[in-house]
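Student:
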Amino acid sequence: MPVKLGAKPQADFNEPLGLLSDCHRRIENFLGILTKVAMSRQAGQVLDEEHRRAVQTSLHYFHHAAPRHNADEEESLFPRLRQLSQTDQRVARTMDRLDQLEADHQTTNAGLDRVRQIFEQWLKEGTLAADQLQQLRELLQELQRLYAQHIELEDQQVFTLAGEVLGSDALAGIGREMARRRGL
Numbered sequence: 001m002p003v004k005l006g007a008k009p010q011a012d013f014n015e016p017l018g019l020l021s022d023c024h025r026r027i028e029n030f031l032g033i034l035t036k037v038a039m040s041r042q043a044g045q046v047l048d049e050e051h052r053r054a055v056q057t058s059l060h061y062f063h064h065a066a067p068r069h070n071a072d073e074e075e076s077l078f079p080r081l082r083q084l085s086q087t088d089q090r091v092a093r094t095m096d097r098l099d100q101l102e103a104d105h106q107t108t109n110a111g112l113d114r115v116r117q118i119f120e121q122w123l124k125e126g127t128l129a130a131d132q133l134q135q136l137r138e139l140l141q142e143l144q145r146l147y148a149q150h151i152e153l154e155d156q157q158v159f160t161l162a163g164e165v166l167g168s169d170a171l172a173g174i175g176r177e178m179a180r181r182r183g184l
């Protein structure tokens, strides 16, 4: 990913909560790209090379990186928070939100699978029928709505709480697990 002058440096595995939040920016970006492509094309219209590359890059991200992000939360962050729910009332009040976030992961995964299928058909066959394009647009708009709520809850509440209640050893452990998921 190119470095932008004056841009805030991205977090690394020593800052796992920041890294999770940075991943949210990538989710928003790639979902935005897919939505922009779907909204800018007409039924029966062929994707030009620039749009093809943008779609392929975005689909690759959602196929490879997004599942690791979900695992980072579901296998590393959320279990540590659940352990603290017995002793910390702030965490206990968050338990139903963690359940909802995990359900969101299932919903977004299913939606992204269908988006991928439609885009792959478009890439393979060259065009989409009007009903398929409309379905794609609706799926992408619903995913944007769901991700906006999901990301806001995580960034503004869950990650903030985790930063307050998890010690440096727990955060370091999350960072190590995240790195291992990526083969590092």
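Those letters in the sequence shown? Residues 1 to 184, by this note's numbering. Even glycine gets a Cβ: it sits at the ideal position worked out from N, Cα and C.
State the DSSP-derived secondary structure class of ASN14, mapped to helix, strand or coil.
Tutor: Along the sequence shown, one-based indexing puts residue 14 at 14. Coil at ASN14, not helix or strand.
Student: Need the endpoints of the alpha helix (DSSP H) that SER168 sits in, please.
Tutor: As a position in the sequence shown, residue 168 is number 168, starting the count at 1. It spans 168 to 181 - the alpha helix (DSSP H) in which SER168 sits, taken as one unbroken run.
Student: Is DSSP giving ARG137 helix, strand or coil here?
Tutor: Along the sequence shown, one-based indexing puts residue 137 at 137. Helix, per DSSP.
Student: So, is MET178 buried or exposed, given that buried needs 16 or more other C-beta atoms within 10 angstroms?
Tutor: Along the sequence shown, read from residue 1 onward, the residue named residue 178 stands at position 178. Classification for MET178: buried.
Student: Please check the pair ARG68 and ARG180, which I expect to be a contact at CB under 8 Å, by giving their CB distance rounded to whole angstroms.
Tutor: Taking the sequence shown and counting its residues from 1, the one referred to as residue 68 is at position 68. Taking the sequence shown and counting its residues from 1, the one referred to as residue 180 is at position 180. Contact doesn't hold; Cβ gap of about 10 Å is too wide.
Student: What distance in whole Å lies between the Cβ atoms of GLY175 and PHE13, which are believed to be in contact at a cut-off of 8 Å?
Tutor: In the sequence shown, residue 13 corresponds to position 13, counting from 1. In the sequence shown, residue 175 corresponds to position 175, counting from 1. Their Cβ separation, rounded to whole angstroms, is 4 Å, which keeps PHE13 and GLY175 in contact under 8 Å.
Student: What's the C-alpha gap between PRO2 and LEU19?
Tutor: For this step, residue 2 is matched to residue 2 along the sequence shown. For this step, residue 19 is matched to residue 19 along the sequence shown. Reliability of the predicted coordinates at PRO2 is poor, the pLDDT of 43 falling under 50, and no value is obtained from them.
Student: How many angstroms separate the CA atom of ALA54 from the CA atom of THR127?
Tutor: In the sequence shown, residue 54 corresponds to position 54, counting from 1. In the sequence shown, residue 127 corresponds to position 127, counting from 1. Spanning the two alpha carbons is a distance of roughly 16 Å.
Student: So for ARG41, helix, strand or coil by DSSP?
Tutor: By one-based count along the sequence shown, residue 41 stands at place 41. Three-state DSSP puts ARG41 in coil, outside helix and strand.
Student: Where do the ends of the alpha helix (DSSP H) carrying MET129 lie?
Tutor: Mapped onto the sequence shown, residue 129 falls at position 129. Residue identity differs from the one stated: residue 129 is Ala in this sequence, not Met. ALA129 -> no alpha helix (DSSP H), and no H or E assigned at all.
Student: Under 7 Å between the Cβ atoms of VAL91 and VAL165?
Tutor: Start at 1 with the first residue of the sequence shown, and residue 91 comes out as number 91. Start at 1 with the first residue of the sequence shown, and residue 165 comes out as number 165. Contact: yes.
Student: Anyone know if the C-beta pair for PHE62 and LEU112 falls short of 7 Å?
Tutor: Residue numbering aside, residue 62 sits at position 62 when the sequence shown is read from its first letter. Residue numbering aside, residue 112 sits at position 112 when the sequence shown is read from its first letter. Yes.
Student: Tell me which same chain residues have a C-beta within less than 7 Å of the C-beta of GLU142, skipping the five on either side of it?
Tutor: The count along the sequence shown starts at 1 and reaches residue 142 at position 142. These residues qualify, in order along the chain: GLY111.
Student: ARG145: buried (16+ other C-beta within 10 angstroms of its C-beta) or exposed?
Tutor: As a position in the sequence shown, residue 145 is number 145, starting the count at 1. Result: exposed.
Student: Is LEU123 closer than 7 Å to LEU34 when the C-beta atoms are compared?
Tutor: The residue given as residue 34 occupies position 34 in the sequence shown. The residue given as residue 123 occupies position 123 in the sequence shown. No, Cβ-Cβ distance for LEU34 and LEU123 is not below 7 Å.
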